[in-house]
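Worksheet: one structure, shown below.
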Amino acid sequence: MVLFKSKFTIKINIFTNKIYFILCLIFLLSACNQKKEVPGIIVKNPISDSLKGITFPIKGTADMQLISAIPLSLLTFMDGDKEVPYQRISSKDEGTYYLLQSDFAPNEVKKIIVKRGPLKKYIKHTQSILNVKEGGNWFWEENKDTGKKQYIYRGGVWSKVNSLWVDSKHDINSLDIRYEGPVWESDKIAYRFYLDRRNATDIFGKRTDTLVMQSVGKKFETYDSMSDWGMDILSVGNSLGIGSLGYWANSRANGLSKVARTNCSIDYSGTLKSKLTTSYYYWQYNDGTTDIFSEFSICAGSYLTKAHIYSTEKIDNLCTGFVRNEEGKLITSSDSTGEWSYIGSFGKQSVINDNLGLAIFYKTKDLIDLKEDSLNHVVILKPENRELTYYFCGIWEQDSSQINSVEQFEKFMKKQKLLLDAHLID
3 MVLFKSKFTI KINIFTNKIY FILCLIFLLS ACNQKKEVPG IIVKNPISDS LKGITFPIKG
63 TADMQLISAI PLSLLTFMDG DKEVPYQRIS SKDEGTYYLL QSDFAPNEVK KIIVKRGPLK
123 KYIKHTQSIL NVKEGGNWFW EENKDTGKKQ YIYRGGVWSK VNSLWVDSKH DINSLDIRYE
183 GPVWESDKIA YRFYLDRRNA TDIFGKRTDT LVMQSVGKKF ETYDSMSDWG MDILSVGNSL
243 GIGSLGYWAN SRANGLSKVA RTNCSIDYSG TLKSKLTTSY YYWQYNDGTT DIFSEFSICA
303 GSYLTKAHIY STEKIDNLCT GFVRNEEGKL ITSSDSTGEW SYIGSFGKQS VINDNLGLAI
363 FYKTKDLIDL KEDSLNHVVI LKPENRELTY YFCGIWEQDS SQINSVEQFE KFMKKQKLLL
423 DAHLID
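Using the numbering used here, you'd call the opening residue of the sequence shown number 3 and step up by one each time.
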């Protein structure tokens, strides 16, 4: 029996095939027009305030895998159509990760695209410096400031070095080490610490957002009075200065004054981060001895110095803090959430009697107690596995922050705490 399809059935089949063809065509065109999702690094600003020029670390496993797929010589980071400056960090103690610098709107979530591009040289925003005199001689003579005899280095020229064993003859005002110790600087602020029995940290307040310390301190008196760039703004004396290390015993902070030998080394002086390490061998504290390795680092766009401390022997406490001043109003963190807390003071406590803020940021779990001695506000901390990390900073009313009130300084400290809690400060 032969079956025949009616004309109606044939027309229906032709119509159905046309509809199917049109739907397939629409789907294919839609698929072709749809943009492929480009993988990127997601970074969120956790605060309801804008962030300008913040330097933040990229350490996540997935993010590092994304970055490692591109050769370092071709690596480029993009924020929309704007290229993002970066620095690769690679060291034994820090591992390998990347620092990026960008701006954020309040609570903004950014997607940083990783792509191939030409190798770029970015503007340098940090540096660390260590200079010593070479070609001169030591003389035993009277120090005009103290009236006491000591060794003073005369003659010679400044030489840039990456590592220095402190001479046993070196003392306060020996004139053999430029700035009396190493300097580390960001575009916002600069610090130094004394490589003598004080071992205390000092602050250079800056009135400019450019690096200046390479041109400062060729003569010791040049930074003790106001210049176009700024000046030394903290009176340290025998105190901890800001962020210096010590041991709490007998109701006071005891600094690293009794050591057998001291070495200072520049780890790196980079575009977005610079770091130095000071090694104190056979430090005698209270009834114990240990070697201490102290790492200080600073990032572009930041006022904060990161201090990472390692002790070769178990030690029940380490302390830090800042110099007491009657003009400084003490501020402590009231927010118990998150990983970090702070203590600071603000007021007319600079050497020229204008507003200066000083602060220590510490992990809440590390805190033993907050104390005072005759010279310092002291933060007593408990090392974990003989290691300790904290941050310190100064804020001057004449620097680019323009902070000139207690309220503004407290807002700044709260902001830094939130960024530390969000791991956006390296």
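Beta carbons are placed, not taken as given, at the ideal position from N, Cα and C, and that holds for glycine.
Note that the coordinates shown come from a computational prediction; the quantities given were computed from them, not determined experimentally.
Of all alpha-carbon atoms in Asp401, Leu197, Leu213, Tyr193, the one lying nearest the alpha-carbon of Asp204 is that of Tyr193. Only residues of its own chain outside the window of five on either side were considered, and among them Phe58 have a CB closer than 6 Å to the CB of Leu426, listed in chain order. Counting C-beta pairs closer than 8 Å gives three or more between the segment 117-124 and the segment 66-85, which meets the contact rule. Around the beta-carbon of Glu329, fewer than 16 other beta-carbon atoms lie within 10 Å, marking it exposed. Rounded to whole angstroms, the separation of the alpha carbons of Thr339 and Val380 is 22 Å. Between the beta-carbon of Ile300 and that of Ser188 there is about 5 Å, and that keeps the pair under the 8 Å contact cut. In the DSSP secondary-structure assignment, Leu53 is bridged to Phe106. When only Cα atoms are considered, Gly183 and Ile115 end up about 41 Å apart. Selection Ile60, Asn145, Asn47 evaluated against Val111 yields Asn47 as nearest (Cα-Cα). Proximity to Gly239 across Asn164, Tyr196, Lys365 peaks at Tyr196, based on C-alpha coordinates. Secondary structure note for Val408: its alpha helix (DSSP H) is the uninterrupted segment 408-423. Assignment of Gln152 by DSSP, reduced to helix, strand and coil, places it in the strand class. Around the beta carbon of Leu332, fewer than 16 other beta carbons sit within 10 angstroms, so the residue counts as exposed. For Lys419, the closest of Asp375, Ala361, Ser276, Glu389 by C-alpha to C-alpha distance is Ala361. A contact is defined here as three or more CB-CB pairs under 8 Å, and the segment 97-112 fails this definition with respect to the segment 135-146.
In the DSSP annotation of this structure, Ser70 is not part of any beta strand (DSSP E); the continuous alpha helix (DSSP H) holding it starts and ends at 63-70. Non-local beta-carbon contacts of Glu315 in its own chain, meaning distances under 8 Å to residues more than five positions away in sequence, involve Gly290, Thr291, Thr292, Asp293, Arg388 in chain order. When Tyr364, Lys275, Gly157 are compared, the shortest CA-CA separation from Thr391 is found for Tyr364. The Cβ atoms of Asp428 and Lys277 do not sit closer than 8 Å to each other. A residue is called buried once 16 or more other Cβ atoms fall within 10 Å of its Cβ, and Arg200 is buried on that count. The segment 230-244 makes contact with the segment 208-220, as at least three CB pairs between them are under 8 Å.
Counting every other CB atom within 10 Å of its CB across the protein chains shown gives Ala255 a total of 16 or more, marking it as buried. In this structure Ile191 is buried. Its beta-carbon is surrounded by 16 or more other beta-carbon atoms within 10 angstroms. For Ile69, the CB contacts under 6 Å within the same chain, skipping 5 residues up- and downstream, are Val116 in chain order.
The Cβ atoms of Leu132 and Asn175 lie no closer than 8 Å to each other.
Measuring C-alpha to C-alpha distances from Leu166 to each of Gly396, Gln351, Thr280 identifies Thr280 as the nearest. In this structure, Lys113 is the residue among Lys113, Lys94, Glu96, Asn109 with its C-alpha nearest to the C-alpha of Gly82.
Annotation: Arg156 to Pro87 spans about 43 Å, alpha carbon to alpha carbon.
According to the DSSP secondary-structure assignment, Lys46 is paired through a beta bridge with Val111. Beta-bridge analysis with DSSP links Ile317 to no other residue. Measuring C-alpha to C-alpha distances from Asn288 to each of Ile317, Asp375, Glu297 identifies Ile317 as the nearest. Under the 10 Å beta carbon count, Gln351 is surrounded by 16 or more other beta carbons and is classified as buried. Beta-bridge annotation (DSSP): Asn256 is paired with Tyr249. Between the segment 370-379 and the segment 263-272, the count of C-beta pairs closer than 8 Å stays below three; the two stretches do not touch. Taken in chain order, the complete beta strand (DSSP E) segments of 3 or more residues contained in the segment 169-213 are 185-188, 192-195, 203-208.
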